[in-house]
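> Before anything else, here's the structure in question.
2 protein chains.
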Amino acid sequence: MATAKQSEKDFLRNYNIHDYDVPLTSVDLVIFTIRDQALQVLVVKRGDHPCKGQWSLPGGFIDIHNDVDLDGAALRKLKEKTGVEAPYLEQLQGFGSRNRDPRGWSTTFAYFALISSDRITLSHGGNADAVRWCPVESDEGLPKLAFDHAQILDVAVQRLRNKVEYTSLPAHLLPEEFTLSELQRVYQVLLGRLVDKSAFRKRIREGDFLEELPGKWRLGSNRPAQLYGLRKGQGTVYFNRLMTGEVGAK
Amino acid sequence: MATAKQSEKDFLRNYNIHDYDVPLTSVDLVIFTIRDQALQVLVVKRGDHPCKGQWSLPGGFIDIHNDVDLDGAALRKLKEKTGVEAPYLEQLQGFGSRNRDPRGWSTTFAYFALISSDRITLSHGGNADAVRWCPVESDEGLPKLAFDHAQILDVAVQRLRNKVEYTSLPAHLLPEEFTLSELQRVYQVLLGRLVDKSAFRKRIREGDFLEELPGKWRLGSNRPAQLYGLRKGQGTVYFNRLMTGEVGAK
DNA sequence: CCAATAGTGTCTTTTAGACAGTATCGG
DNA sequence: CCGATACTGTCTAAAAGACACTATTGG
C-alpha cells in the first residue's frame, strides 16, 4: 500500500500543467434586472484585446490563486461590477469550443443573476460609459455582443422565462419590500402577457414564500397596499403547475 | 480602423496560453440505464494516476486538437465507453474548485446520458473488469468514487428524478420499441412509487410524443400489448403539471 | 363624489385521481 | 375455465380560470 501511495506522490510531484495544451477557462455573468417595466441585462464595454471596444457580458478568467471555486469566482465578478453581495445567482450552462474565442479553445461557465435595479450603483471602471443596462427585447436597444455572448444571453433569457412559469424567481428582481401588484407586474413583464389577479394571488399565497410586513404599506392616491418581503431561509419555490391562465381569454 | 484591427492581430500573435496559470478542464459523464428494474450508473476503474485503481465516472480531459466543442467531447467519451452513438445527452452542470483534483485547480463539465441497457456492449479497455454498471440506490452496490464524483452523481440523480415528474425523458431508457406498461414501470422505478395506470396513459397520450407501431405487439400469456416508439423529430416533452398522483391513496 | 388601485367572493370549467370494469392472450 | 396482463370508462374531488364585486385611499 505504501508503494501505491508513494507512486501517486511521485506522479504528482512530476505533474506540470504547463506541459499540456489546455483550454482557457472563464466565468461570464448574465445579470438581469427590471427597469422601466422591461427586462434588462448588464453589459460592459471591453477595455482590452481581443474584441476591444465591443460590448460583452461581464466576466473573465478564473484566478486560480485567489478563487476557491466556480461560485466564488462568479460572486467575485458580480461584486466587482455591481457592488451587490448576495443576489440570486445560479449556474446557467457551460459553453466551450475551439472557435468562440480568437485566442483558442476556450470554455466558460455562464451564470445568471437577478437583482433589484435600485440596489445598485454601477461601478464604471476608468471609462465613464463602460457599463450599462440594455433592454433585452428591443432590437435597437441591444448592441452586438462579443464572442458567443449573444448566444449565452439567449439561453439565459429562455431559462429565465421558462422558470417564471413555475417558480418564485421573479421576486428576486424586486427590492426587499414590495406589493403583490408590483410582483404581478414583474411576472407579466417576463411572461409577456397579463395574468388574472385573483388566480395570481391564490398561487402566491399557497407558495408561501412571502411574508406580510405588519404595518408596512405602500401609499398613494388609492387604497394602500400591503408590503411583503421574501420569507427568510426559504429557497426558490417550485409550483407544481405552470401558470397557464390568460386574462380575457373567454 | 486598420490600426485597431492591426493592434488586435499583434495581440493575438503574442498571446501564449502557457504564460498563464489556468485550471485543468475535463468532461465527465453520468450514464444511466435501467437494469433489473433499478436505476444503474456506469463506473470505470481508473488505470492511471491520480486515484489509480479507484472507481470513477467515465470522462477525461478535453483534447483541444481534436474536440470541436463540449458536446462533441462528451459524445466522444460516451462512444469510447459504450459504443452508443446517439442517446439522450444533456449537460448537467459545471463543477470546479481548487480542491477537487490533487493536480490543482480543475473544472469539469458534467453530462448525463440515458441509454437502453440492451443497446450496449461495454468496452472493457485492457482490463477485464474496468467498466461496470452499479445500482444507484443500494448502499453496498455503489463503490466510493474518486474526486468529487459522488457529488456529481448525486446532482445527476436529483436532476433525473426531478425531470421524471414533468417530462418524457424516461422513454430514452427503453429500447426503440416498448409497451406503455414497460414505460410505466420505468417511471415507477425512477419515482419510487406506483402510479395509476389510467392517469398515466392519459398523460402520455396527451403528451403526444409516442407513436403506435402498427401491427407490432409484445406477446405473452396474456393480452398482447401494443408496441410504441418515440415520435421522430420531437424533442423532450414537458408536461404542464407534475405527476402528483399515487395509487391507493384514497 | 370620482378616479385609481388593492383586495375578495363566487360560479364555471377543466382535469387529475380512484377504481371498477372489460379485453385477449396462453395453458 | 383460469391466471395474468392490457386497456377503457366513469364518477368524484379539487383546483384553476373568469370575472364581478367590495374596499380604501387622495383630490
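Chains S and R, in that order, give the protein sequences. According to my numbering, the first sequence is numbered sequentially starting from 1. According to my numbering, the second sequence is numbered sequentially starting from 1. Glycine residues also receive a C-beta, built at the ideal position from the N, C-alpha and C atoms.
From the DSSP output, which residues share a beta bridge with residue 132 of chain R?
R/43
> From the beta carbon of residue 143 of chain R, is the nearest beta carbon of chain S less than 7 angstroms away?
no
> Which class does residue 72 of chain S belong to by DSSP, given the choice of helix, strand or coil?
helix
> Helix or strand or just coil, what does DSSP make of residue 166 of chain S?
coil
> Just to confirm my understanding: we take residue 84 of chain R, look at its own chain, exclude 5 residues before and 5 after, and list those with CB closer than 7 angstroms. What are they?
78, 115, 119 and 120
> Taking 7 angstroms as the CB-CB cut-off, is residue 107 of chain S touching chain R?
yes
> At a CB-CB cut-off below 8 angstroms, which residues of chain R make contact with residue 98 of chain S?
64, 67, 68 and 69
> Got a sec: is the Cβ-Cβ distance from residue 252 of chain S to anything in chain R below 7 angstroms?
Nothing about residue 252 of chain S can be reported from this structure: the residues present for chain S run from 1 to 250 only.
> Please list, in chain order, the chain R residues whose beta carbon lies closer than 7 angstroms to that of residue 242 of chain S.
240
> Could you tell me how far apart the beta carbons of residue 145 of chain S and residue 57 of chain S are, in whole angstroms, since I believe they sit closer than 8 angstroms?
7 angstroms between Cβ atoms; contact.
> Using a Cβ cut-off of 7 angstroms, which residues of the segment 23-34 of chain R contact any Cβ in chain S, in chain order?
23, 24 and 25
> Grab me the residues of residue 207 of chain R's own chain with a C-beta within less than 7 angstroms of its C-beta, minus the 5 sequence neighbours each way, in chain order.
168, 237 and 239
> Please name the residue, chosen from S/61, S/37 and S/203, that lies closest to residue 20 of chain R on a Cα-to-Cα basis.
S/61
> According to DSSP, is residue 27 of chain S part of a helix, a strand, or is it coil?
strand
> Would you mind telling me which residues of chain S sit closer than 8 angstroms to residue 6 of chain R, beta carbon to beta carbon, in chain order?
None at all; the shortest Cβ gap to chain S is about 11 angstroms.
> Once the 5 residues before and after residue 93 of chain S are set aside, which same chain residues still bring their CB inside 7 angstroms of it?
110 and 155
> Closest by CA to residue 29 of chain S, which one among S/44, S/22 and S/230?
Cα-wise, what sits closest to residue 29 of chain S is S/44.
> How would you label residue 6 of chain R, buried or exposed, when you count the other beta carbons within 10 angstroms and need 16 or more for buried?
exposed
> Quick one, are the C-beta atoms of residue 26 of chain R and residue 59 of chain R less than 7 angstroms apart?
Less than 7 angstroms divides the Cβ of residue 26 of chain R from the Cβ of residue 59 of chain R.
> Can you list, in chain order, the residues of its chain with a C-beta nearer than 7 angstroms to that of residue 201 of chain S? Leave out the 5 residues immediately preceding and following it.
180
> Name, going along the chain, the residues of the segment 79-95 of chain R whose beta-carbon falls closer than 8 angstroms to a beta-carbon of chain S.
Those residues of the segment 79-95 of chain R that come within reach of chain S (Cβ to Cβ, closer than 8 angstroms) are 91, 93, 94 and 95.
> List the residues that DSSP assigns as beta-bridge partners of residue 174 of chain R.
The partner list for residue 174 of chain R (beta bridge, DSSP) is empty, contrary to what the question assumes.
> At 7 angstroms on the CB atoms, spell out the chain S contacts of residue 154 of chain R, in chain order.
Below the 7 angstroms Cβ cutoff, chain S contributes no neighbours of residue 154 of chain R, its closest Cβ being approximately 16 angstroms away.
> On the three-state DSSP scale, how would you describe residue 61 of chain S?
strand
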